[in-house]
Amino acid sequence: MAAVTTAPGGVDLREPSGWRRAKSQFATGAMWFAFVCLLVPLGFVLVTVIAKGASIINWRFLTAGIPPNVLPANFGGMGPAVLGTLEITAFAAVIAIPLGILGAVYLNEYGGNRPLARLLSFLSDVMTGVPSIVMGLFIYTIWVIPNGLTGLSGMAGSFALACLMLPIVIRSSYEMLRLVPDSLRQGSYALGATKARVVLTVVLPSAIGGIVSGALLAVARAAGETAPLLFTIGVVTANNPNLFSGSNTALSAQIWLNASQPYVGAQARAWGSALTLIAITFILMIVARLVTARFNRYSR
Amino acid sequence: MSATVQADPATPAGSASGLMPRRPLGDRVFQLLALASGLLVLVILVLIAVTMSQQSTSWFTSEGWSGIFSLDWDPAHGKFGALAFVYGTVVMSLIAIILAFPVSVGVALLLTEVVPRRWAQPIVYVIDLLAVVPSVVWGLWGILVLVPWLQTAIYPHVASAVNDIWILGNLFGPLNGNYVSGASFFTAGLVLAVMIIPIMTSLSREVIATVPASDKEGAYALGATRWEMIRGAVWPHSQVGVMGATLLGLGRAMGETIAVALVCGASATVTSHLLTPGYAMPAVIALQFGEATVGVFRAALIGMGVLLFLLTIIVNLSARAVVERNARRMRGAA
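In order, the protein sequence lines correspond to chains A and B. Counted the way this note's numbering counts, the first sequence spans residues 2 to 301. Counted the way this note's numbering counts, the second sequence spans residues 2 to 335.
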């Protein structure tokens, strides 16, 4: 009944011709191929890191001091770097997350459509694009140069990471605050609450899932950063639990130092550190996902 | 990403208007705290520009414009020309964009137009995983696994295959007879491409997801195949947004430091041969800062940071301008 499918006016309503269908299928195939192009490097890097890193990781590796590079893999470990990464990232989070959330509160709750709020929103967008190494240089110029070598400390590294995290936390919290329905605010105003009270007890709690998950993603990103730490924390090979004085080290900084070493032991410790670091960032990301799934009341 | 204007929430009690002449102290303190945190962004950006420019003035004064944009980088003899690094940054970022663009757009289209929603979510998780692999891990893998493999198994064959072909020979052919290096402009671009694919994919996907369903259904109703629908309905609507996403990816690629520093080969040269060692602005800062604790050398590296800061800000601003203009146009069309 092919003749029936030709509509008045000569429009051909039959199935697309073989050539057109083939082109469409080819395009779909190309999209799947693009996905494969994305999977291959990810799989390649994960398999390599796990294969080379898993064998070296044990309790001693995670706690012992960093040995000289020439020593083989069964000596020492990366304890100071694990400690440093956790401390430096945690302190950066302590600085950046409250400030970022407050900044987002200003942008969404107080600023509204005023020129200043629009400018700050724009600048926080711009700041997310500032390269991480510039943040490191910035903390170096305002903190390490005036203080000399005593300025090199875990805290300086935390400052640099906090500069990196701040705009990310602002952006993600801002997006979440925007999703909170105005009726909630109006309801609490009607009960006579002050603005601060409305924000603290109504707006923030109802957006908390998204805010926490955005903040965790920012922490995950900061934990893996190397460039901001290069000029700010110095180098140590023994534990330095004091964040505020004395040089420190971090997993990412140690991978960077060991990657260009010719010694097998140093390279093995770099792979072990890489696996530890990936594990930390992945765990943060998964927790962020779980938080999103559990607490998101208003999502896009 | 949407640029819709937030409707000013009804700002009754507690707003700055004089409805309530004496607001409680805590309320005002909280507002001030929020304002101060918001202003912090402005303060940090201004401080970055001012303090870093101050620290790099001796570079600008001692070298002058022609000295800064010269090829002569020889710290031992007090020559600090940055041209080779600017060139390397631009070339590597362009390679990264050229490689990452088709993959990102392809995956974004796959996610929005091909796979059903419940399959899209796992793919997004995979892209997120790719996004959180730290830069230094890419660098470690790059220098210990990728570079040796490319150097022995891939590049020599590519170089000898294209040597006599016009243009390709100049880009991928061996330099001076048979010299190709695993650590090179192209390798750095390749690693950068992998690192910017996640951000470009998720931004492109957001843009493509805003294409009105009626446009797509209209195209299908006219008998279009999926590909014709994408070309006729999706692409015209989202091409500008995808350009914005690409520019943001370019900004990321330019600022990326650690992975590039490890796989670029660290040689301050300007050449069209992409399989030879190069250098980039962030990479030279990371690799040579340790030797440059004082003097013009340090000023030059901090100055390179200022250039990088300006360059990435310009790229980000143009990305934003492109996206905003498109958003306005789309609102006008709707």
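Beta carbons are placed, not taken as given, at the ideal position from N, Cα and C, and that holds for glycine. Given the structure is predicted, the values throughout are model-derived calculations rather than measurements.
Quick one: residues in its chain with C-beta nearer than 7 Å to the C-beta of Ala163/A, no 5 flanking neighbours on either side, listed in chain order?
So the qualifying residues of the chain are Ala93, Ile96 and Ala97.
Look at the alpha carbon of Val324/B and the alpha carbon of Ser246/A, and state the distance between them as a whole number of angstroms.
Taking the straight line joining both Cα atoms gives about 45 Å.
Rounded to whole angstroms, what's the CA-CA distance from Val170/A to Leu124/A? Just pull it up for me.
Looking at the two C-alpha atoms, the distance is approximately 13 Å.
Taking only three categories from DSSP, how would you classify Tyr175/A?
Helix at Tyr175/A.
Have a look at Ala220/B and Ala210/B and give me their C-alpha separation to the nearest angstrom.
The straight-line gap from Cα to Cα measures roughly 16 Å.
Quick check for students: name the residue ranges of the alpha helix (DSSP H) that lie wholly in the stretch 127 to 180 of chain B, counting only runs of 4 or more.
Listed in chain order, the complete alpha helix (DSSP H) runs (minimum 4 residues) inside the stretch 127 to 180 of chain B are 136 to 142, 156 to 163 and 169 to 173.
With distances taken Cα to Cα, identify the nearest neighbour of Gln268/A among Val41/A, Gly54/A, Val37/A and Phe45/A.
That would be Gly54/A, whose Cα lies nearest to the Cα of Gln268/A.
Which residue from Leu311/B, Ala320/B, Gly296/B and Thr247/B puts its Cα closest to that of Glu81/B?
For clarity, residue 81/B is Phe in the given sequence; the question names Glu instead. Selected option, being the one with the closest Cα: Gly296/B.
Counting Cβ pairs closer than 8 Å, one from the stretch 200 to 214 of chain B and one from the stretch 240 to 259 of chain B, do we hit at least three?
Yes, the stretch 200 to 214 of chain B touches the stretch 240 to 259 of chain B.
For chain A, check one thing: does any of its Cβ atoms lie closer than 8 Å to the Cβ of Phe31/B?
Closer than 8 Å: yes.
Can you list, in chain order, the residues of its chain whose CB lies under 7 Å from that of Ala275/A, leaving out five sequence neighbours each side?
Cβ within range, chain order: Val50, Gly54 and Ile256.
If I measure Cβ to Cβ from Ile231/B and keep anything under 7 Å in the same chain, skipping five residues before and after, which residues do I get?
Once the five neighbours on either side are set aside, the close Cβ partners of Ile231/B are Leu110 and Glu114.
Please confirm whether Met201/B has its beta-carbon closer than 8 Å to some beta-carbon of chain A.
Chain A contact via Cβ: absent.
Excluding the 5 residues preceding and the 5 following Phe70/B in the sequence, name in chain order all residues of the same chain whose CB lies nearer than 6 Å to its CB.
For Phe70/B, where only same-chain residues beyond five positions count, the Cβ hits under 6 Å are Leu84.
Can you find a CB in chain A that lies within less than 8 Å of the CB of Gly27/B?
Gly27/B counts as touching chain A.
Assign Asp28/B to one of three DSSP states: helix, strand, or coil.
It is helical.
From the beta carbon of Thr272/B, is the nearest beta carbon of chain A less than 8 Å away?
Answer no: the Cβ-Cβ gap between Thr272/B and chain A never drops below 8 Å.
Can you look up Phe81/B in the DSSP assignment and give me helix, strand or coil?
Three-state result, Phe81/B: strand.
Express the C-alpha separation of Arg172/A and Leu185/A in angstroms, rounding to a whole number.
Going by the C-alpha atoms only, they are around 22 Å apart.
Can you determine whether any heavy atom of the ligand MN sits closer than 7 Å to the C-beta of Leu193/B, and answer yes or no?
With respect to small molecules bound, the structure shown includes none, and the ligand MN cannot be examined in it.
Quick check: the Cα distance between Arg119/A and Leu36/B, rounded to an integer number of angstroms?
C-alpha separation (whole angstroms): 13 Å.
Roughly how far, in whole angstroms, is the beta-carbon of Gly66/A from the beta-carbon of Ala216/A, given that I think they are within contact range, below 8 Å?
Not confirmed; about 32 Å, so no contact.
To which residues does DSSP link Asp75/B through a beta bridge?
Beta-bridge pairing links Asp75/B to Lys80/B.
With distances taken from CA atoms, which of Leu318/B, Ala320/B, Glu229/B and Val271/B is nearest Thr27/A?
Per the sequence shown, residue 27/A should be read as Phe rather than Thr. Here the closest residue by C-alpha is Glu229/B.
Among Pro283/B, Arg330/B and His78/B, whose alpha-carbon lies nearest the alpha-carbon of Leu193/B?
Answer by Cα proximity: Pro283/B.
Assuming contact is defined by CB atoms lying nearer than 8 Å, are Ser57/B and Ala300/B in contact in what I supplied?
Taking 8 Å as the Cβ cut-off, Ser57/B and Ala300/B qualify as a contacting pair.
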